[in-house]
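Asks:
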Amino acid sequence: MKTLRDTPIGSTVTVRKLHGEGPLKRRVMDMGITKGVEIYVRKVAPLGDPVEITVRGYELSIRRADAEIVEVEAVDSSRQPAATDSREQSAADCNRQPTAIENKEDSTTIRIALAGDPNCGKTTLFNELTGGNQYVGNWPGVTVEKKEGRIKGQRNVILQDLPGIYSLSPYSPEEIITRTYLVKERPDAIINIVDGTNLERNLYLTTQLLELGIPTVVAVNMMDVVRKNGDDIDFAKLSREIRCPVMPISALTGEGTREAASKAIELARGGVAATRPHVFTGSVEHAIAHIEESIQGKVPEEGIRWYAIKIFERDEKAYG
Ligand SMILES: Nc1nc2c(ncn2[C@@H]2O[C@H](COP(=O)(O)OP(=O)(O)OP(=O)(O)O)[C@@H](O)[C@H]2O)c(=O)[nH]1
Ligand SMILES: [Mg+2]
């Protein structure tokens, strides 16, 4: 069997089948790797891990162990997809530096979390909004970095940079941290950073975040690249469709970043919870309603729908 793990750099392959079960398979699907999709292998990191690929026009990294479950067949070894954007190719951890914060917050302190897909610009926005006011440590029990800071000019607003996630069905330790933080600690607001050059794939996570019922603003990042590509995004329409504020930003140039932060603060202070982004078919909604009824009082009321959906999906880690 030929798998993505062993596919040579520069080859284009088609996904024949995903092997295995459970969270790993699900995660790979969450990355957009599904049957029939074309994958171009761009490069392999220095120690052979991870493999960098282009799939559905997006650039992603996948661990070799994960790539092993993706059975592929060759398409045309000489074809290369067009470059997706002109972003710098930085190592995932290049912005990471160590330290620590104790949060002795008074009751007026607001916590805002930055959540989004890997590599969408969370840390760039975090640095832009906090400047030097950062404190970096580790999440308890793991070596994954925890980065917090106070937003410049906003003494009582703490910003939390979170590891990137493709969905709220976590697989890696980083993803578990992000989900646990969002679900259990429930920040006062979320800034969901979305890569404007990868809208479709990034909005998958957005729909899940909105189910949490936490005040959320969607910040569409990389607007400098979107414009350079000659693309145009209808923000008013997008905002109507997903029923939450959607704002253009460029974390790199600083465009729109203050406005997005102000919006998040306004929503947090006003306690304006995100509206349910979508309604499932009748039978699914019916089942969810029953589950909600049976877990009432056992989970936080504001997040009850999210827990009910996860139980429906048999996602045991969600309520463990
Ligand atoms: N052109 C452009 N590049 C950006 C923008 N925002 C971020 N980038 C670049 O995108 C890359 C990824 O940015 P990061 O801030 O590290 O992304 P991240 O979401 O923190 O990534 P992870 O923490 O690994 O999930 C970096 O090379 C940034 O310089 C933007 O608005 N415009
Ligand atoms: Mg980051």
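Letter by letter, the sequence shown follows residues 0 to 319 of numbering that gives the first Met the number 0.
Note that the Cβ used here is the ideal one computed from N, Cα and C, for glycine as well.
Could you name the residues of the same chain whose beta carbon sits closer than 7 Å to that of residue 68, not counting the 5 residues immediately before and after it, in chain order?
Replies: Excluding residues within five positions, the ones whose Cβ falls inside 7 Å are 17, 18, 19, 23, 24, 27.
Asks: Counting along the chain, where does the beta strand (DSSP E) carrying residue 247 start and finish?
Replies: 245 to 247 is the span of the beta strand (DSSP E), which, as asked, contains residue 247.
Asks: Do the CB positions of residue 31 and residue 50 come within less than 8 Å of each other?
Replies: Their beta carbons are not under 8 Å apart, which means residue 31 does not touch residue 50 by this criterion.
Asks: Kindly provide the chain-ordered list of residues whose Cβ lies closer than 5 Å to any non-hydrogen atom of ligand 2.
Replies: Listed by chain position, these are 121, 122.
Asks: Inspect the beta-carbon positions of residue 212 and residue 304 and report whether they are closer than 8 Å.
Replies: For residue 212 and residue 304, yes; Cβs fall inside 8 Å.
Asks: Taking residue 220 as part of the beta strand (DSSP E), name the residues at either end of that continuous run.
Replies: Its beta strand (DSSP E) spans residues 215 to 220.
Asks: Looking at residue 117 and ligand 1, is the gap between the Cβ and the nearest heavy atom below 7 Å?
Replies: Yes - ligand 1 has a heavy atom lying nearer than 7 Å to the Cβ of residue 117.
Asks: Please name the residue, chosen from 8, 2, 21, 7, that lies closest to residue 14 on a Cα-to-Cα basis.
Replies: Taking only the C-alpha atoms, the option nearest residue 14 is 2.
Asks: Quick check: is any heavy atom of ligand 1 less than 7 Å from the C-beta of residue 143?
Replies: No, the beta carbon of residue 143 sits no closer than 7 Å to any heavy atom of ligand 1.
Asks: Quick one: using the 10 Å Cβ neighbour count with 16 as the cut-off for buried, is residue 125 buried or exposed?
Replies: Residue 125 is buried by the Cβ-count criterion.
Asks: May I have the straight-line CA-CA distance separating residue 130 from residue 122, to the nearest angstrom?
Replies: Rounded to the nearest angstrom, the two C-alpha atoms are 11 Å apart.
Asks: What are the boundary residues of the beta strand (DSSP E) that includes residue 41?
Replies: Element bounds for residue 41: 37 to 43.
Asks: In the DSSP assignment, find the beta strand (DSSP E) that holds residue 16 and state where it starts and stops.
Replies: Segment 11 to 17, the beta strand (DSSP E) holding residue 16.
Asks: Cβ-heavy atom distance between residue 250 and ligand 1 below 7 Å?
Replies: Yes, ligand 1 has a heavy atom inside 7 Å of this Cβ.
Asks: With H, G and I counted as helix, E and B as strand and the rest as coil, what does DSSP make of residue 99?
Replies: Here residue 99 scores only 32 on pLDDT, less than 50, and its place in the model is too uncertain to base an answer on.
Asks: Is residue 130 close to ligand 1? I mean its beta-carbon at under 7 Å from any heavy atom of the ligand.
Replies: Checking every heavy atom of ligand 1 against the Cβ of residue 130, none is found closer than 7 Å.
Asks: Answer yes if the region 197 to 208 comes into contact with the region 290 to 298, meaning at least three C-beta pairs across the two stretches below 8 Å, and no otherwise.
Replies: The region 290 to 298 vs the region 197 to 208: no contact.
Asks: At a cut-off of 7 Å, would you count residue 191 as near ligand 1, judging by its Cβ distance to the nearest heavy atom?
Replies: No; taking the cut-off as 7 Å, the Cβ of residue 191 has no heavy atom of ligand 1 nearer than that.
Asks: If you reduce the DSSP assignment to three classes, tell me which class residue 201 lands in.
Replies: Of the three classes helix, strand and coil, the one that applies to residue 201 here is helix, per DSSP.
Asks: According to the neighbour-count rule (16 or more other Cβ atoms, all chains shown, within 10 Å of its Cβ), is residue 222 buried or exposed?
Replies: Buried is the call here.
Asks: Any chance the CB of residue 223 is under 7 Å from a heavy atom of ligand 1?
Replies: Flag set: Cβ of residue 223 near ligand 1.
Asks: Would the C-beta of residue 137 count as close to ligand 1, meaning under 7 Å from any of its heavy atoms?
Replies: Incorrect: residue 137 has no Cβ contact closer than 7 Å to ligand 1.
Asks: Could you spell out the range, first to last residue, of the beta strand (DSSP E) harbouring residue 149?
Replies: Run containing residue 149: 144 to 149, per the beta strand (DSSP E) assignment.
Asks: Taking the straight line between their C-alpha atoms, what separation do you get for residue 36 and residue 174?
Replies: Residue 36 and residue 174: Cα-Cα distance of roughly 24 Å.
Asks: Strictly by DSSP, which residues pair up with residue 134?
Replies: Looking at the DSSP assignment, residue 134 forms a beta bridge with 147.
Asks: Using three-state DSSP, classify residue 168 as helix, strand or coil.
Replies: It is coil, neither helix nor strand.
Asks: Could you please give the first and the last residue of the uninterrupted alpha helix (DSSP H) stretch that includes residue 259?
Replies: Where residue 259 is concerned, the enclosing alpha helix (DSSP H) stretches over 256 to 269.
Asks: For residue 73, collect the residues of the same chain with a Cβ closer than 7 Å to its Cβ; drop the 5 residues on either side in sequence, then sort them by chain order.
Replies: So the list reads 10, 12, once near-sequence residues are dropped.
Asks: Within the chosen definition, does the region 262 to 279 reach the region 104 to 119 through at least 3 CB pairs nearer than 8 Å?
Replies: Short answer: they touch.
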